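Enquirer: Here's a structure for you.
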């Protein structure tokens, strides 16, 4: 059972707020190792960016003004082809891919350029990724 720390007053009653929920909403998400690599590359190239931006109901990893979004995809968590089992993806795994595609389609419909950088590309072809980022500079 969560520890109760704070009381939040509502119009009629006092509502108990669990400590873990209060803490969770005030924390910023810690960047993954591939995201940190992208941040370092962007800094080296002198490209100004914002990390962890909320666009409507979507959370994006990196935002570059005026309308570019970079999503750093982990191969295991986002079900890249390099991780596909011989038997194929399960329904749950396919749903992850469908959710990502829907998010990207929504962002594109809002007028954003979406760039997905896969973890394996960052590991195996860092020059290619760096060149892709340089193109953003203009």
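Numbering (the numbering used here), first residue to last: 4 to 141. Beta carbons: idealized from backbone N, C-alpha and C, even for Gly. Here the structure is a predicted model, which is why all the values come from computation and not from measurement.
With three or more beta-carbon pairs closer than 8 Å as the criterion, would you say the region 115-128 touches the region 69-82?
Expert: Yes, the region 115-128 is in contact with the region 69-82.
Enquirer: For residue 88, is the classification buried or exposed, using 16 other Cβ atoms within 10 angstroms of its Cβ as the cut-off for buried?
Expert: Burial call: exposed.
Enquirer: Taking its Cβ as the centre, do 16 or more other Cβ atoms sit within 10 Å of residue 132, making it buried, or is it exposed?
Expert: Residue 132 is buried by the Cβ-count criterion.
Enquirer: By Cβ distance, which residues of its chain are closer than 6 Å to residue 86, with the 5 residues on each side in sequence left out?
Expert: Result list for residue 86: 78, 79, in chain order.
Enquirer: Residue 119 bridges to which residues according to DSSP?
Expert: Looking at the DSSP assignment, residue 119 forms a beta bridge with 74.
Enquirer: At the level of alpha carbons, what is the spacing between residue 97 and residue 103?
Expert: So the alpha carbons of these two residues sit roughly 10 Å apart.
Enquirer: Excluding five sequence neighbours on each side, which residues of the same chain lie with their C-beta closer than 6 Å to the C-beta of residue 37?
Expert: These residues qualify, in order along the chain: 75, 122, 125.
Enquirer: Would you identify the three-state DSSP class for residue 109, choosing helix, strand or coil?
Expert: Note: residue 109 maps to helix in three-state DSSP.
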